Amino acid sequence: MNINRPCGTFDRNYFQAKELYRTPLRKTLLALLVVGMYLLPLTMGDYGLSLLIPICAFTIGMLGLQIITGYCGQISLGHAAFMGVGMYTVGILQRHFGFSFWFCLPLAGLIPMFLGMMFGVPALRIKGLYLAFATLAAHFVIVYVINNWRSVTNGTEGMWMKRPDVLFGIDFKSDRNYYFLVLSITIIMTYLATNLARTKLGRSFVAVRDNDIAAEVMGINIAYTKIMAFGIGCFYAGIAGALGGAYYEYVNIAWFRLEDSIWYLGFLVVGGFGSIFGAIAGAVVWKIMDELSTLVTPLAEMFLGGAAFYASAAFSLVFYSLIIVIFLVFEPRGIAHRWEIVKRSYRLHPFPY
Amino acid sequence: MEETTKSIVLGLCSGGIYALLAVSYVVIYKSTRVFPFSQAAVLIIGAYFMWFCLIVWHLPIWLGFLMTCAVGAILGMAIERAFMRPLVGQPILAPIVVTLCLMLLLRGIGILMGKGNIEGFGESFLPVGAWKFGFLHLPKIQVYGFILCMVLIAALMLFYAKTRAGLGMRVVHEDHVVAQNLGVNVKRIFQYSWVISCIIAVIVGMLLGNIQGVGLSLDLNGLIAIAAVLFGGLESFAGAIIAGLAIGILQMLTIQFIAPLLPGETTMMAPFVFLLLILFIKPYGLFGLVRIERL
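Top line first, the protein sequences correspond to chains V and H. If you read the first sequence in the numbering used here, its first letter stands for residue 13, the second for the next number, and so on. If you read the second sequence in the numbering used here, its first letter stands for residue 920, the second for the next number, and so on.
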C-alpha cells in the first residue's frame, strides 16, 4: 500500500508499481515465512497441526470479512452463517451425490457467494447499521433452514464430511498433508486478496467505505460494488468453512452461532481494519485465545465447582468480549496499526518521529 | 374467524412486551445514535437477579423489584461510562461492535449467575388464571403484563413531556451540537438514556422470566424486538409501540397459519423474515427519518 511507505519512496516505472514488496529484505522475509510455514509441521506433533489448520481456515474467513467490512465498510453479522453454508455445501454434495472434495470446493465458495449477494441486495438502499440488521436476519434465516430442512441437512445432528481424495499421489487423509493443502489455499487466497485491494474493484471498495456519496459522484457504481464485496467476502467464508469442516470431517450447526459472527467482527477489530495483515493477525489471535480459554477451563472448574461446562462457556464469552472491548476503547486501529508504529520507529531509530 | 380474533388479541397482549423493549432500544438510539444490541442480554441479567432476590434470598416481591431496577440503573450507568463514552465520535462500526460484545459479555455473566439452568420464580408475581369473554380466554398474566408495559411507556412519555431532564433529552434527540450550545449536558443525557433503557430492559426481563422461565434464551426476545424497532423506524417512539404490537400479532398469526406448514421454531423465524422484507421494501420503517445526505 502506498500510504504505508516511508517518505520519499516513489515508483519510477510500472514494474515497481506492480510489486507487492519493494525491498529485497522484505522479499526474503516473506519467502522465509512461507518456507517456514511449510516446514513447521516437521517440528510439531498433531497438537500443533490442530492449531495451525483452523488458524489457516479462519484466516481465509477473516480475509473475507476484511473485504466486506474492512475494505467496503459494510457490516456483516452473518459471516459465520455463510461459513456454515460453505461447510454444508460440501457435506450435502458428498452425502447425497457422492461428489469428490475437489469438485465441491469451488461450489462451496460459489453458493455462499450467491447467497451473500442476495442478502447484500438491501445494501443498495441502506447502509451502516441497517445492514447489520439485514445480515443478522440472514444469519437466523440460514440457521433456521439448516436446522429444519432435515432430509437434506440432517438437522441438528450434523453430518459427516470426507477429506479430499488422493491427488498427484498425495494422500490428504493424514493431518500433515491436509495442512499443506490448507496452507497452500490460504496463501493463494491471501495473495488474491492483497491484489484485489489494488484493482479497480478494490479501490472502489475503499472509496465506497470512505464516502459513498463522493464515490457515486466519481462514477463508481455503488450497487455493483457493494454486492461484489458481499459476494467475494462470502466466497472466502465458504471456502474457509469447507476447509475447516473437512479437517474435522464433521459439520454441525453449533459451529456457527451468532457469537461466532460477532467474534469475527470483534477480532477483525483486534487485528486491524483495512489491511490483510490485520485479518491474519485477527485470526491468529482468535485461535490463540481459543486455546488459552480451553487451558483455563480447569481453573474455572476449580473456582466454580460443579458447573464446569457452563463456567467454560461463560468464561470464553466474558474473556473474548472484554478483550475486544478493551481493544476498541484503547487501540481502535488494532494490532496492524501497532505493527506499523513498531516498523516506523525502527526505521527512524534515533529520532522519535 | 374466532381463532384469528383470538390470535390477534393474544398477540396484542404479548406484543406489549415487544413494544416496551422496542422503546428501550429507541431511547438509547435516539439520543446517542448507537444501537444498543446489549439490551437483549440485559433481559437475562434482570431475570436472573430477580430470581436471586425471590428464590435464593427470599426477599419480598416489592423489594426484589426495586433492587432489580437499581441493578439495571447501575448497569446502564456503568456501560455508558466505561464503554460507550470513550467511543463517542468514533466511526459507526466501533460502537456497534462494542454493544454486540457487551451483549455476549452480559450473556456470559448471566450464565455465571444461573449456572446455565432454566429457573422459575416459583410463584408468579402477577395473578394467574384466565378471564373468559365468550370464546376468548385471556390469561391474566399476559393482560397484566400488557397493562404494566403500557403504564411504563406512558410514564416514560410523561417524563419526556413534562420534566426538565426530559426536555433536555428531546433536545439531544434533535441535534447533539445544538443541545450542547443550549447548555444541555449531552454526556449526562447519554447516561440518563442508558439508565432508563436498562431499567426498562430489566423490568421486561422480570416479566418475561415470569412468563417464559428464567433462562438464557430470553435474549431471543430482545433480538425479535429489533425487528419491531426497525419496522417502526429507528427514531420513533410511536412507531416502536405500534410495531411491537404488530410483531406480537405477527407471531400469534404465525402460530396459527404458518406453524402447521413448516417445521421448527417458526415463531422465532417470522420476525426476522419480516425484518428482511421491511429492509427490502421500506428500509427506514413506518416513521423513521430518511436522512438526506450530501457531500
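Glycine included, each C-beta is placed from N, C-alpha and C at the ideal position. Computed from a predicted structure; not experimentally measured.
Under the Cβ criterion of 8 Å, glutamine 1009(H) is counted among the residues facing chain V.
Look at tyrosine 262(V) here: in three-state DSSP terms it is strand.
Contact residues of the region 137-159 of chain V toward chain H are Arg137, Ile138, Gly140, Leu141, Tyr142, Ala144, Phe145, Ala146, Leu148, Ala149, Ala150, Phe152, Val153, Tyr156 and Asn159 (C-beta to C-beta distance below 8 Å). In this chain, the beta strand (DSSP E) harbouring proline 1058(H) covers 1055-1058.
Against chain V, the beta carbon of methionine 1188(H) has neighbours under 8 Å at Phe152, Val153 and Tyr156, listed in chain order.
Neighbourhood of arginine 1083(H) in chain V, by CB distance below 8 Å: empty, with the nearest CB roughly 30 Å away. Under DSSP, phenylalanine 1052(H) takes part in a beta bridge, and its partners are Leu1055(H). Assignment of leucine 994(H) by DSSP, reduced to helix, strand and coil, places it in the helix class. Under DSSP, no beta-bridge partner is assigned to methionine 95(V). In the structure shown, leucine 179(V) adopts extended strand secondary structure according to DSSP, grouped into three states. Measuring C-alpha to C-alpha distances from isoleucine 87(V) to each of Ser357(V), Phe242(V) and Tyr332(V) identifies Phe242(V) as the nearest. Using a C-beta cut-off of 8 Å, the region 1017-1026 of chain H makes contact with the region 952-967 of chain H, since at least three inter-stretch Cβ pairs fall below that distance.
In summary, proline 1179(H) is exposed, with fewer than 16 beta-carbon neighbours lying within 10 Å of its beta-carbon over all protein chains present. By DSSP's assignment, tryptophan 161(V) forms no beta bridge with any residue. Taking 8 Å as the threshold, the shortest C-beta distance from arginine 1000(H) to chain V does not fall below it.
Here the C-alpha atom of leucine 119(V) lies approximately 11 Å from the C-alpha atom of tyrosine 100(V). The beta-bridge partner set that DSSP reports for tryptophan 172(V) consists of Tyr262(V).
The C-alpha of valine 1047(H) lies about 6 Å from the C-alpha of isoleucine 1060(H).
Straight-line measurement puts the Cα of valine 942(H) at about 14 Å from the Cα of phenylalanine 1206(H). Shown here for phenylalanine 289(V): same chain residues with a beta carbon closer than 7 Å to its own, the five before and five after excluded, namely Ala348 and Trp351 in chain order.
Counted as a single uninterrupted DSSP element, the alpha helix (DSSP H) harbouring cysteine 1117(H) occupies residues 1105-1131.
When 7 Å is used as the limit between beta carbons, cysteine 1020(H) is near these residues of chain V: Ile274, Gly278, Ser333, Ile336 and Val337, in chain order.
Distance from the Cα of tyrosine 262(V) is smallest, within the candidate group Ile244(V), Val102(V) and Pro53(V), for Val102(V). Of all residues in the region 212-232 of chain V, the ones placed with a Cβ closer than 8 Å to any Cβ belonging to chain H are Asn223, Ile225, Ala226 and Val229, in chain order. Beta bridge pairing from DSSP links glutamate 1038(H) with Val1133(H). Within a 10 Å sphere around the beta-carbon of aspartate 224(V) sit 16 or more other beta-carbons, which makes this residue buried. Contact between leucine 255(V) and alanine 69(V) holds, with the beta-carbon distance rounding to 5 Å and staying under 8 Å.
Bounds of any alpha helix (DSSP H) do not take in serine 957(H), whose DSSP letter is neither H nor E. One Cα belongs to isoleucine 244(V), the other to tyrosine 236(V), and the distance between them is close to 12 Å. Within chain H, the residues Leu1023 and Arg1026 have their CB atoms less than 9 Å from the CB of glutamate 271(V), given in chain order. At a cut-off of 8 Å between C-beta atoms, phenylalanine 1065(H) does not count as an interface residue with respect to chain V. Neighbourhood of tyrosine 50(V) in chain H, by CB distance below 7 Å: empty, with the nearest CB roughly 35 Å away. Not a single C-beta of chain H is nearer than 8 Å to the C-beta of alanine 93(V).
Against chain H, the CB of alanine 326(V) has a partner CB under 8 Å away; the residue lies at that interface. Between isoleucine 998(H) and leucine 1021(H), the alpha-carbon positions lie close to 8 Å from each other.
In the DSSP assignment, glutamate 271(V) falls within the unbroken alpha helix (DSSP H) covering 270-283.
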